[in-house]
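Only one structure is covered here, and it is reproduced in the block below.
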Amino acid sequence: QFKQRPERAMIPLPDSFRCRLAAKVGKPLGKSRTSVGQPVELNLSTSSFGVVSAMLVDASTSIVAVHHAEPTNSKLLWDPATAKDIYVKTAANTTQDKYTKLTIDNYNEVILQVWENANKVRNGQASFAVLLFAYIDKSTESAGNRRATAHNIETSAARVASYMQEQHMELGPLQTNYASVVTARLPAATPISIPNNATMQQLGHIDRMAAEHTEARRL
Numbered sequence: 240q241f242k243q244r245p246e247r248a249m250i251p252l253p254d255s256f257r258c259r260l261a262a263k264v265g266k267p268l269g270k271s272r273t274s275v276g277q278p279v280e281l282n283l284s285t286s287s288f289g290v291v292s293a294m295l296v297d298a299s300t301s302i303v304a305v306h307h308a309e310p311t312n313s314k315l316l317w318d319p320a321t322a323k324d325i326y327v328k329t330a331a332n333t334t335q336d337k338y339t340k341l342t343i344d345n346y347n348e349v350i351l352q353v354w355e356n357a358n359k360v361r362n363g364q365a366s367f368a369v370l371l372f373a374y375i376d377k378s379t380e381s382a383g384n385r386r387a388t389a390h391n392i393e394t395s396a397a398r399v400a401s402y403m404q405e406q407h408m409e410l411g412p413l414q415t416n417y418a419s420v421v422t423a424r425l426p427a428a429t430p431i432s433i434p435n436n437a438t439m440q441q442l443g444h445i446d447r448m449a450a451e452h453t454e455a456r457r458l
């Protein structure tokens, strides 16, 4: 006689939990196979969707900024000032076309659903992490722009360094590299102008964090 397998005890959803946010190129609920950089891990809470949404947009902006700092990477369309949709994988076997968009109305309910689904998998709640996805479109460069070749970037880097020295400007490594890449893509006769966009600001934040970590290791 078969013994009935006891149901796993349902542990209450904790107030804070891990999530893993990945950015993908393409449209939501499609079949995107292209990821942007590496996923980032965050600690979220069940309290306020507004706060959570802002954290996720900020994390996505960081992912895009690091992506844009690499000259060989394609340009992406991302403006953190506009509303962004974040999608969640509710179960281990959920396919992309069945991901659920998080909203202020369904946030707590969907997170609870993910938690309950994790209970169906051995050790699923012990290693619990909500899998979130942001979808980003590629940009098409405007006519007249150049390719950011190694030669163009090298030339632009020297021009940017000279400009920074003249203007007594200080930028972090990622910011400097990004400014050089942006300049390399512009027509050769374009005067030097250091970008002042969301990507530049986010790279500045990353540069400062890296500098603080380096300083902390020395102490």
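Taking my numbering as reference, the numbering of the sequence shown is continuous, increasing by one, and the terminal residue is 458. The C-beta atom is built at its ideal place from N, Cα and C for all residues, glycine as well.
Taking C-beta to C-beta, are residue 413 and residue 445 nearer than 8 Å? Going by C-beta atoms, residue 413 is nearer than 8 Å to residue 445.
Would you mind stating whether residue 350 and residue 268 have Cβ atoms separated by less than 8 Å? In this structure, residue 268 does not lie closer than 8 Å to residue 350 by Cβ.
In whole angstroms, what separates the C-alpha of residue 421 from that of residue 433? Whole-angstrom Cα-Cα distance: 9 Å.
Assign residue 250 to one of two classes, buried (16 or more other C-beta atoms within 10 Å of its C-beta) or exposed (fewer than that). Exposed, because fewer than 16 other Cβ atoms sit within 10 Å of the Cβ of residue 250.
Given a cut-off of 8 Å, decide if residue 376 and residue 316 are closer than it, judged by their beta-carbon atoms. In terms of Cβ geometry, residue 316 and residue 376 form a close pair [threshold 8 Å].
Whole-angstrom distance between residue 396 and residue 382, CA atom to CA atom: Only weak support is given to the placement of residue 382: the predicted model assigns it a pLDDT of 46, under 50, and the value that follows is read from those uncertain coordinates. When rounded, the distance between both Cα atoms is 22 Å.
Output the distance between the C-alpha atoms of residue 455 and residue 447, rounded to the nearest integer angstrom. The straight-line gap from Cα to Cα measures roughly 12 Å.
How far does the beta strand (DSSP E) with residue 335 in it reach, from first residue to last? In the DSSP assignment, residue 335 falls outside any beta strand (DSSP E), carrying neither H nor E.
Is the beta carbon of residue 374 sitting closer than 8 Å to the one on residue 266? Cβ atoms of residue 374 and residue 266: closer than 8 Å.
Would you say residue 372 and residue 357 are within 8 Å of each other, going by their C-beta atoms? The beta carbons of residue 372 and residue 357 sit no closer together than 8 Å.
Enumerate in chain order the residues of its own chain whose CB-to-CB distance from residue 218 is below 7 Å, with the five nearest sequence positions on each side excluded. This structure leaves residue 218 out entirely; the chain is present only between 240 and 458.
Just checking my contact of residue 438 with residue 307 at CB under 8 Å: how many whole Å lie between their CB atoms? Here residue 438 really is in contact with residue 307; their C-beta atoms are around 5 Å apart, less than 8 Å.
Take the Cβ of residue 325 as the centre, count every other Cβ of all protein chains shown within 10 Å, and call the residue buried at 16 or more, exposed below. Label assigned to residue 325: buried.
Pick from 407, 453, 292 and 388: whose alpha carbon is nearest that of residue 347? It is 292 whose Cα lies nearest to the Cα of residue 347.
What's the gap between the Cα of residue 312 and the Cα of residue 288? Each residue's Cα considered, the two are about 32 Å apart.
Own chain partners of residue 244 with C-beta closer than 6 Å, once the 5 adjacent residues on each side are dropped: With a pLDDT of only 46 at residue 244, under the threshold of 50, the placement of this residue in the model should not be trusted, and no figure is reported.
Taking DSSP as the reference, what is the three-state secondary structure of residue 442? Helix.
Buried/exposed call for residue 364, threshold 16 Cβ in 10 Å: By the neighbour-count rule (16 or more Cβ atoms within 10 Å), residue 364 is buried.
Span separating the alpha-carbon of residue 360 from that of residue 415: Near 47 Å, if we compare the C-alpha coordinates of residue 415 and residue 360.
Could you tell me which uninterrupted beta strand (DSSP E) segments, each at least 3 residues in length, are contained entirely in the segment 242 to 324, listed from first to last along the chain? Here the runs fully enclosed are 255 to 264 and 274 to 284.
Output yes or no for whether 8 Å exceeds the beta carbon distance between residue 290 and residue 327. No. Outside cutoff.
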